[in-house]
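**Q**
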Amino acid sequence: KASQNDCCKNCLAHGSSLLFEQTSDAVAFKCFFCTSSMCPDCVHTEKPHLCGQCGKSFTSSSHLKIHQRIHTGERPYVCAQCGKSFTVQVNLKQHQRIHTGERPYVCEQCGKSFTVQQNLRKHQRIHTGEKPYVCDHCGKSFSVRSILTQHQRIHTGERPYVCDHCGRSFSVRDSLKKHQHIHTGEKPYVCDQCGKSFTVRSSLTQHQRIHTGERPYVCDNCGKSFLQSSHLKIHQRTHTGERPYICDHCGKSYTGQSSLTKHQRIHIREKPHVCDRSGKSFAHALSLSQPQHLPTLSILERFEKKCLLDHI
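Heads up: the sequence shown begins at 5 in my numbering, then just goes up one per residue.
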């Protein structure tokens, strides 16, 4: 049994009720708020301190005070190097490691190091295969709680991150940030081989495979390889016979969305491809190179047009 003297004095000073119980898998930890060493067997059982604004309860008045900074916007702990501010001192200490380069938490299995102990614990689940966070809707499990939260929005339909420019909403904050590059025109990811820039890192990665020749997605059925996983998925439907994209007008089905979109132009008479030589417009890019459309083109001009179409 643990004694109260072993426990966080800051917590005890504010009258927290503690239950002392020996656990078989106890791990020593520190108080998140004051960084004092705490007994691993102590569990707070009462939360008498209530927030007047949102009703959330806490075990001590000091924890309540820290919470209230969410409502007041107070961030009293300021980084002397960059001016970034924090609500809790421990978060400032963790942040300062960005400047010092200190990464004290090291994975014993692969040597990867982290600035925060919590990030090390998350990382170690890669090695152990542990996925403790389980979706109560479908049973799918995750190694990190935040990924479970994001996943659950598939079931709830919640999309809390809204674009100020167009009102489009997203279930993940990173998706909103990537989307906002469309409005700002920002393309921070630049190819070091040709200088072409992209709004998202994944697009740069896909583009760089043009230079390297890498085609990492291989079909198990025929061995054909692809630059993108989505291209492999569409290709595999030629083997399975799956054609999930169905035309609302005539019921014809296709393996990919782009094929359906091209087909639907027959019904709506959309002709987005305009010939810069004759001014005629067509539903499909391939029609631009047809001999009956451009009988006066030289062999060289036709070859150049074909090369251009192959890259569309």
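Ideal Cβ positions, reconstructed from N, Cα and C, are used throughout, including at glycine.
Just checking, does the stretch 175-186 make contact with the stretch 200-218 on the three C-beta pairs under 8 angstroms criterion?
**A** Result yes; three or more Cβ-Cβ pairs closer than 8 angstroms.
**Q** Buried or exposed: H67, going by 16 or more other Cβ atoms within 10 Å of its Cβ?
**A** Its Cβ being crowded by 16 or more others within 10 Å, H67 is buried.
**Q** Identify the residues that DSSP records as bridge partners of H3: which are they?
**A** Lying before the first or after the last residue shown, residue 3 is absent from the chain, which here runs from 5 to 316.
**Q** Below 8 angstroms between beta carbons: does that hold for S173 and Q154?
**A** In this structure, Q154 does not lie closer than 8 angstroms to S173 by Cβ.
**Q** Hey, Q121 and Y109: beta-carbon distance below 8 angstroms or not?
**A** Yes. Within cutoff.
**Q** So what's V94 in DSSP terms, helix, strand or just coil?
**A** In the structure shown, V94 sits in a helix (DSSP, three-state: H, G or I).
**Q** If you reduce the DSSP assignment to three classes, tell me which class H75 lands in.
**A** Here H75 sits in helix by DSSP.
**Q** Beta carbon of R172: closer than 7 angstroms to some heavy atom of the ligand ADP?
**A** Ligands displayed in this structure: none; no statement on the ligand ADP is therefore possible.
**Q** Which one of T188, R163, G133, G77 has the shortest CA to CA distance from C179?
**A** The sequence shown places Ser at residue 179, rather than the Cys named in the question. That would be R163, whose Cα lies nearest to the Cα of S179.
**Q** Would Q93 and H75 qualify as a contact pair, given that the criterion is a beta-carbon distance under 8 angstroms?
**A** No. Outside cutoff.
**Q** How big is the Cα-Cα spacing for K135 and K266?
**A** Cα to Cα, the separation comes out at about 43 angstroms.
**Q** Rounded to whole angstroms, what's the CA-CA distance from Q197 to S233? Just pull it up for me.
**A** So the alpha carbons of these two residues sit roughly 23 angstroms apart.
**Q** Between the alpha carbons of R177 and Y165, how many angstroms are there, rounded?
**A** R177 and Y165: Cα-Cα distance of roughly 6 angstroms.
**Q** Let me confirm a value: H141 is counted as buried when at least 16 other C-beta atoms fall within 10 Å, else exposed. Which label applies?
**A** Exposed: under 16 other Cβ atoms inside 10 Å.
**Q** Are the beta-carbon atoms belonging to L208 and Y193 less than 8 angstroms from one another?
**A** Cβ distance < 8 angstroms, so L208 and Y193 count as in contact.
**Q** Taking only the alpha-carbon atoms, compute the straight-line gap between H127 and C114 and give it to the nearest angstrom.
**A** Distance between the alpha carbons of H127 and C114: 10 angstroms.
**Q** Just to confirm the assignment, what range does the alpha helix (DSSP H) spanning Q85 have?
**A** Note, Q85: premise wrong, no alpha helix (DSSP H); not H, not E.
**Q** Return the CA-CA distance between K284 and P276, expressed in angstroms with no decimal places.
**A** For K284 and P276, the distance between alpha carbons rounds to 10 angstroms.
**Q** Looking at L124 and C111, is the spacing between their C-beta atoms short of 8 angstroms?
**A** Cβ distance < 8 angstroms, so C111 and L124 count as in contact.
**Q** By Cβ distance below 8 angstroms, which residues in the same chain neighbour Q3 in space, the five residues on each side in sequence not counted?
**A** No answer is possible for residue 3: it lies beyond the span of the chain, which begins at 5 and ends at 316.
**Q** Look at F90 and R79 and say whether their C-beta atoms are less than 8 angstroms apart.
**A** The answer is yes: Cβ separation under 8 angstroms.
**Q** In angstroms, rounded to a whole number, what distance separates the CA positions of T119 and C83?
**A** Between T119 and C83, the C-alpha separation is close to 16 angstroms.
**Q** Please return the same chain residues whose Cβ sits closer than 7 angstroms to the Cβ of L236, not counting the five positions on each side in sequence.
**A** So the qualifying residues of the chain are Y221, C223, F230.
**Q** To test your reading of the DSSP string, which unbroken alpha helix (DSSP H) runs of 4 or more residues are found completely within the stretch 215-287?
**A** The qualifying runs are 233-244, 261-272.
**Q** Identify the continuous alpha helix (DSSP H) that holds Q121 and give its terminal residues.
**A** First-last of the alpha helix (DSSP H) with Q121: 121-132.
**Q** With 16 as the cutoff for other CB atoms within 10 Å, does T244 come out buried or exposed?
**A** T244 is exposed by the Cβ-count criterion.
**Q** Exposed or buried, I238, counting other C-beta atoms within 10 Å across all chains shown (16 or more means buried)?
**A** Buried: at least 16 other Cβ atoms inside 10 Å.
**Q** At the level of alpha carbons, what is the spacing between S282 and R269?
**A** Approximately 21 angstroms, taken between the alpha carbons.
**Q** Taking its Cβ as the centre, do 16 or more other Cβ atoms sit within 10 Å of T259, making it buried, or is it exposed?
**A** Buried is the call here.
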